[in-house]
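Here the structure is laid out as C-alpha cells; the discussion comes afterwards.
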Amino acid sequence: MSALLEARGLVKSFGPFRAVDGVDLVLESGEMLAMIGPNGAGKSTCFNLINGQLAPDAGTVFLTGREITGQPPHRLARQGLARTFQVAATFGSMSVAENVEAALCVAAGRGASLWPGGRRRYRAQALDLLERVGIAAQAERQCGLLAYGDLKRVDLALALAQTPKVLLMDEPTAGMAPGERAQLMDLVSEIARDGAIAVLFTEHDMDVVFGHARRIVVLDRGQVLTVGAPDQVRDDPRVREIYLGPDLEESC
Ligand code: ADP
Ligand code: MG
C-alpha cells in the first residue's frame, strides 16, 4: 500500500480558538478511513483544510506525494481529490443523467457544461456511472424529484465523474434511514476497493463506522487522540470514555 493522501501538522484557528491543532493523517490506496469524534472536534474543518476550502495556518498536505497545501478545490479536483456534499450539489431542474454529463464535461476541462450539445457526448459514460452507483433506472428523472437516498447516490456519481484517487465524504449518510446508510457505504467500499480509491469519511452512525472503516482516526478538541483498526479503537478506554460511552450512537 502507498500513501495517496498525507497531512502533516495541520493547524487552523478561528480567532483565538484552535479548531484543528496539529493533525497528522495518512490515507492509503483502496482504504476506508473513518474520522470520528464529538461535535466540534474539528472533523469538518480538517476536511476543509485537506480539500482546499480553507487554508491551514500551519501544516502540509500531500496528494500522491506532491504538496497541494492551500490549493483551491477545483484545482485539487483535477488532480484527483474529490468530495461529496452533505446536501447533494445537483441542479434540481436537470435530469440525473444531465447532472452527471455536466460533471463529466467539467472534469474533462470543458467549461460549457450546461450547453446540451457539449455535454451529450458524455451520455454513455454518465449512464455507466449511474449504473455503478445503482440508479441507472432514474437517469431521466429530474434531480429535484429524487428521494433523498437516491440524491446521495447522484452526489457520489458526480464525485466519481472526476475519476478521483481520493474521495472525502463528510457525513455521507446524514439524513438517511439506517438500512440505506449501510447500502450506500457498502457501495462506497466496493468502489474504493475496485478503483483503488482512498476514502476519508466522517460518520455519526457507529454501525457504519465500525462496519465499513479499515482504520478509524479519533479526533478530540482538534487533536488526534488515537488511530487504528476498529477493534483497537473500540477497545481503547480513552475512546470509550470520551466518545463512545454507554450508547455509541448518542455520544458521537
Ligand atoms: P466537527 O465537524 O467535528 O463537528 P467542526 O470542524 O465543524 O467540527 O468545528 C470545530 C470547531 O470549530 C467548532 O467549535 C466550531 O464551532 C468551530 N468552527 C468551525 N468553523 C468555524 C468558522 N468558520 N468560524 C468560527 N468557528 C468555526
Ligand atoms: Mg462536521
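Under numbering that gives the first Met the number 0, the first residue of the sequence shown carries the number 0, and numbering increases by one thereafter. Positions of the beta carbon are idealized from the N, C-alpha and C atoms, including for glycine.
- Query: Which of the three DSSP states, helix, strand or coil, is assigned to I49?
  - Reply: helix
- Query: Going straight from the alpha carbon of E27 to that of R82, what length do you get?
  - Reply: 16 angstroms
- Counterpart residues of M168 in DSSP-defined beta bridges: T83, F200
- Continuous beta strand (DSSP E) stretch holding D20: start and end: 16-27
- Query: Quick one, which of A40, F13, R65, P15 has its alpha-carbon nearest R7's?
  - Reply: R65
- Message: With a threshold of 7 angstroms (Cβ to nearest heavy atom), would T172 be considered close to ligand 2?
- Response: no
- Any chance you could list the residues with Cβ under 5 angstroms from a heavy atom of ligand 1, keeping chain order? F13, A18, N38, G39, A40, G41, K42, S43, T44
- Once you ignore the five residues that flank L53 on each side, which residues in its own chain have a CB closer than 8 angstroms to its CB? Spatial neighbours of L53 in its own chain (CB-CB distance under 8 angstroms, excluding positions within 5 residues in sequence) are listed in chain order as K11, T44, N47.
- What are the boundary residues of the beta strand (DSSP E) that D235 is part of? D235 -> no beta strand (DSSP E), and no H or E assigned at all.
- Could you check the C-alpha separation between C251 and G69 for me, to the nearest Å? Legend: pLDDT at C251 = 44, less than 50; position of this residue unreliable, value from coordinates given subsequently. Near 29 angstroms, if we compare the C-alpha coordinates of G69 and C251.
- Query: If you measure from the CB of D20, is any heavy atom of ligand 2 nearer than 7 angstroms?
  - Reply: no
- Item | Cβ shell of V60 (< 6 angstroms), same chain only, five flanking positions each side left out | A6, I49, I67, T68
- Regarding D204 and ligand 2, is the C-beta to nearest heavy atom distance less than 7 angstroms? no
- Message: In the DSSP output, which residue or residues are listed as bridge partners for A6?
- Response: Checking the DSSP bridge columns, you'll see A6 partnered with L24, V60.
- Message: On the CB-based measure, 16 or more other CB atoms within 10 Å of its CB, does L3 come out buried or exposed?
- Response: buried
- Message: Given the structure, does D169 come close to ligand 2, in the sense that its CB is under 7 angstroms from one of the ligand's heavy atoms?
- Response: yes
- Task: Less than 8 angstroms between the CB atoms is what I'm expecting for V19 and G41, so what's the real figure, rounded?
- Result: 5 angstroms
- Can you say whether T271 is buried or exposed, counting buried as having 16 or more other CB atoms within 10 angstroms of its CB? Here the chain comprises residues numbered 0 to 251, so residue 271 is not present and cannot be evaluated.
- Task: Identify every run of the alpha helix (DSSP H) within the segment 86-144, keeping only runs that are complete inside it and at least 4 residues long; order them along the chain.
- Result: 95-106, 115-118, 122-131
- Is E66 helix, strand or coil by DSSP? strand
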